[in-house]
Amino acid sequence: MYIDKPEITGDDKLSPACQILLFSATYDEQVMEFARDYVPNPIEIRVKRTQLPLKNIKQFYLLFNDWVEKYQALTDIYGGFQVGQAIIFCDTRKEASWLNDRMTMDGHRVVILSGDLDVSEREHVLHQFREAECRVLITTNVCSRGEFLTANKISFS
């Protein structure tokens, strides 16, 4: 379940007994501010990058000048690998929307998950991805890299 500030501060406030758990490989300042405001006395567990087990994960990175170059690299990867499902992380909603439009035009089954969707829309998008109704989930930082996407084989950022 995803919670936005209006849902917490509106008429349907969370129960005082509610627990809020946040999991992510990275947090931007906006998420940290949210956590400071709504999670009293948090318990933080941080793992150093050198302590992360990556034995079964193949990683590489490429630097690009713009979205067009990044999209060309994605196209090359899709042409060279058998990709069942993928998650593509974008820095902004604008980039995510552009990539969604471009991949859809090129015939890919794509869904987009971003902060401008309400809770039911987000749950529907995740359901489509979990059930393999689409092969690509494009997201901004609203999508934690969590357990709910265990079938995912490849991620792009």
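Residue numbering for the sequence shown follows my numbering, starting at 38 and increasing by one per position.
Cβ coordinates follow ideal geometry from the N, Cα and C atoms, glycine included.
TODO: Just tell me which of 114, 177, 128, 72 has its CA closest to the CA of residue 97.
DONE: Relative to the Cα of residue 97, the nearest Cα in the group 114, 177, 128, 72 belongs to 114.
Open item on the list: Give the list of continuous alpha helix (DSSP H) stretches no shorter than 4 residues that lie fully inside the stretch 121–177.
Closed with: Runs found: 130–142, 156–167.
Task: Straight-line gap, residue 56 to residue 159 (C-alpha atoms, nearest Å) - done: Going by the C-alpha atoms only, they are around 20 Å apart.
Task: Rounded separation between residue 121 and residue 133 - CA only - done: The straight-line gap from Cα to Cα measures roughly 20 Å.
Open item on the list: Suppose you measure from the CA of residue 104 to the CA of residue 138; what does that come to, to the nearest Å?
Closed with: Taking the straight line from one Cα to the other gives about 13 Å.
Task: Expected contact under 8 Å - CB spacing of residue 172 and residue 146 to nearest Å - done: Right, the Cβ-Cβ distance comes to about 5 Å (below 8 Å), so this counts as a contact.
Open item on the list: Taking only three categories from DSSP, how would you classify residue 3?
Closed with: The structure shown does not extend to residue 3, since the chain is modelled only from 38 to 194, so the question has no answer here.
- [ ] Run the CB neighbour count on residue 52, radius 10 Å, all protein chains shown included, and call it buried at 16 or more, exposed below.
- [x] By the neighbour-count rule (16 or more Cβ atoms within 10 Å), residue 52 is not buried but exposed.
Open item on the list: Is the beta carbon of residue 100 closer than 7 Å to that of residue 110?
Closed with: No, the Cβ-Cβ distance between residue 110 and residue 100 is not below 7 Å.
TODO: Could you round the C-beta distance between residue 136 and residue 175 to whole angstroms and report it? I think they count as a contact, below 8 Å.
DONE: Confirmed, about 5 Å.
- [ ] Measure the C-alpha to C-alpha separation of residue 143 and residue 112 and round it to an integer number of angstroms.
- [x] Rounded to whole angstroms, the gap between the alpha carbons of residue 143 and residue 112 is 10 Å.
Task: 7 Å Cβ cutoff met for residue 177 and residue 157 - done: Against a cut-off of 7 Å, the Cβ pair of residue 157 and residue 177 comes out as no contact.
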